[in-house]
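Everything on this sheet refers to the single structure shown next.
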Amino acid sequence: MSYNSILVEQKNAICVITLNRPDKLNSFNTEMHRELAAELNRVAADPHCRVVVITGAGRAFCAGQDLSEKKFNPNDAPDVGKSLDEYYNPLVKRLRGLSIPVITAVNGVAAGAGANIALTGDIVVAAKSARFIQAFSRIGLIPDAGGTYILTHKLGEMRAKAVSMLATPISAKRAKKWGLVWQVFDDDTFMDDVMALATQMSQQATVALGLTKQAIHAVSSNSYDQQLDLERRLQGEAGRTDDYREGVTAFKEKRDARFTGS
Ligand code: T3D
Numbered sequence: 135m136s137y138n139s140i141l142v143e144q145k146n147a148i149c150v151i152t153l154n155r156p157d158k159l160n161s162f163n164t165e166m167h168r169e170l171a172a173e174l175n176r177v178a179a180d181p182h183c184r185v186v187v188i189t190g191a192g193r194a195f196c197a198g199q200d201l202s203e204k205k206f207n208p209n210d211a212p213d214v215g216k217s218l219d220e221y222y223n224p225l226v227k228r229l230r231g232l233s234i235p236v237i238t239a240v241n242g243v244a245a246g247a248g249a250n251i252a253l254t255g256d257i258v259v260a261a262k263s264a265r266f267i268q269a270f271s272r273i274g275l276i277p278d279a280g281g282t283y284i285l286t287h288k289l290g291e292m293r294a295k296a297v298s299m300l301a302t303p304i305s306a307k308r309a310k311k312w313g314l315v316w317q318v319f320d321d322d323t324f325m326d327d328v329m330a331l332a333t334q335m336s337q338q339a340t341v342a343l344g345l346t347k348q349a350i351h352a353v354s355s356n357s358y359d360q361q362l363d364l365e366r367r368l369q370g371e372a373g374r375t376d377d378y379r380e381g382v383t384a385f386k387e388k389r390d391a392r393f394t395g396s
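Note that this note's numbering numbers the sequence shown so that position 200 is 334, with each residue one more than the last.
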């Protein structure tokens, strides 16, 4: 498939998606939404793809909604919620629901919905110079794309409210300290470091990683007993994979496992 607003590169089992509207700091217009959704659907159906990396072209990861597209009619208040129904909510649900790991590689500024899409990654990594800005309050909106959920869960109420209401930029260093980011890499080696991480993950037992993600996502709505039942069910699934047999065999033979993702 060929796209205008995103770039796609398949490197072995890694699918790298680059948001590619650098003159608009990779903010989302309708075309970019549609192309990203189409590519994520393709990836979900591609058994060769075992990790997705999402990053941005140029100096930004993503500046959220493209505000230059907005036109106001003096007699009619817009329903901004429609854009969430149509684009942002399906996008973040898709990322969380993918059965393979998603690495969001935050190469530069991530603002508005762009920040929250970044924080939706299963593994979030950032370049030293990256920053996260809940820019919504500056334009009279609230954090969306799962922002109120993620920020409150990860930062607690006080910090979630402060970064949202004040739109204070969070540096990569602080984001790591606060548990929003797994690792911070030097700007100069950023994509090499990201690809090393992605390569490692693409060679792991993919089904088990997907089931791990599913189990961890269920924690916030499950009781302890429900979570134990879920672990029992998902472990049953993991135990039926070829990769489980290979993992145990490799352990007994004192060699590295050669997982196939099945
Ligand atoms: O409406 C709905 O659909 C609902 C959904 C909402 C989701 C949302 O994401 S709402 C929040 C939208 N995003 C923002 O409010 C962020 C706007 N951008 C900024 O605050 C700043 O650009 C940044 C903090 C991200 C970066 O600042 P800085 O100083 O490094 O760069 P800059 O000079 O502001 O921007 C560089 C260019 O990118 C500039 O264009 P120009 O003047 O060089 O032609 C700027 O207009 C453009 N740009 C940046 N962000 C956006 C954008 N163009 C369109 N939309 C943007 N969001």
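Backbone N, C-alpha and C fix where the C-beta goes; we use that ideal spot for every residue, glycine too.
Tell me which residue opens and which closes the alpha helix (DSSP H) that residue i is part of.
i    : result
E365 : Y358 to G373
K311 : A306 to K311
K295 : G281 to L300
Q348 : T340 to A352
A391 : Unbroken run through A391: none, as it is neither H nor E.
I273 : Segment: none, I273 is in no alpha helix (DSSP H) and carries neither H nor E.
K227 : N223 to G231
F324 : F324 to S336
L170 : T164 to A178
So, residue i versus residue j, is the Cβ gap smaller than 8 Å?
i    : j    : result
A264 : A306 : yes
V236 : D219 : no
T383 : A339 : no
I251 : G344 : no
V150 : V187 : yes
A372 : V315 : no
A245 : I267 : yes
Y221 : H287 : no
R155 : S136 : no
C196 : L153 : yes
G280 : V214 : no
R228 : L174 : yes
A171 : P224 : yes
A191 : N160 : yes
A301 : A349 : no
G198 : G248 : yes
Compute the minimum distance between the beta carbon of residue i and the heavy atoms of the ligand T3D, and state whether it is under 7 Å.
i    : result
F195 : no
D200 : yes
A172 : no
K158 : yes
Y397 : Shown here, the chain extends from 135 to 396; a query on residue 397 therefore has no answer.
R272 : yes
V297 : no
S263 : no
D213 : no
I267 : yes
Y222 : yes
D278 : yes
G246 : yes
V243 : yes
So residue i is in the beta strand (DSSP E); what residue range does that whole segment cover?
i    : result
L153 : I148 to L153
Q268 : Here Q268 belongs to no beta strand (DSSP E), and DSSP marks it neither H nor E.
K262 : Looking at the DSSP string, K262 is not in any beta strand (DSSP E), and its letter there is neither H nor E.
I251 : Looking at the DSSP string, I251 is not in any beta strand (DSSP E); the run it does join, the alpha helix (DSSP H), is A247 to L253.
Q144 : I140 to K145
L239 : According to the sequence as given, residue 239 is Ala; it is not Leu. Here the beta strand (DSSP E) through A239 covers V236 to V240.
V318 : Q317 to F319
Let me see if you follow: with CB-CB separation under 8 Å, is residue i close to chain C or not?
i    : result
N175 : Going by chain labels, chain C is absent from the structure shown, which holds only one protein chain.
- Task: Spell out a yes or no on whether the region 383 to 396 and the region 327 to 341 are touching, meaning 3 or more CB-CB pairs, one atom from each, closer than 8 Å.
- Result: yes
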